[in-house]
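What follows is a short report on a single structure.
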């Protein structure tokens, strides 16, 4: 799934089985309740893009790459996941924010 402008999902969204969710520069993807990525799925955020999940973002056996984008979620859970938070420029900071809990098991981080 390539998001170039904006995409809003009302309640929940799941990607799995090698799926890709790519947020291009300045794209916005929001989910009302829950987003889960599993089974070797890939999420990537480019310059100025944002991924917002009201309640929970869960990644299992997947990858998350942030290159100048921002991930915001009520709670975050990473299991056997690779997370790369890469600097692009001062104009587009890369970040993950949570207003709740953060849990990670068997995951690797590159910041």
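Numbering (our numbering), first residue to last: 1 to 111. Even glycine gets a Cβ: it sits at the ideal position worked out from N, Cα and C. In this text, all values refer to a predicted model and were calculated from it rather than measured experimentally.
Residue i versus residue j: straight-line alpha-carbon distance, rounded
i	j	result
residue 80	residue 17	15 Å
residue 97	residue 12	19 Å
residue 26	residue 107	28 Å
residue 41	residue 49	19 Å
residue 109	residue 30	24 Å
residue 9	residue 32	6 Å
Secondary structure of residue i, DSSP reduced to three states
i	result
residue 88	coil
residue 14	strand
residue 105	strand
Identified DSSP bridge partners for residue i
i	result
residue 95	70
Closest by C-alpha distance to residue i, when choosing among the options
i	options	result
residue 76	45, 28, 46, 99	99
residue 102	1, 94, 109, 74	74
residue 28	61, 72, 85	72
residue 92	78, 67, 59	67
residue 19	53, 7, 62	62
residue 87	104, 53, 57, 46	46
| beta strand (DSSP E) segments (min. 3 residues) lying fully within the stretch 18-86 | 20-23, 28-31, 34-37, 42-45, 50-60, 63-67, 70-79, 82-86
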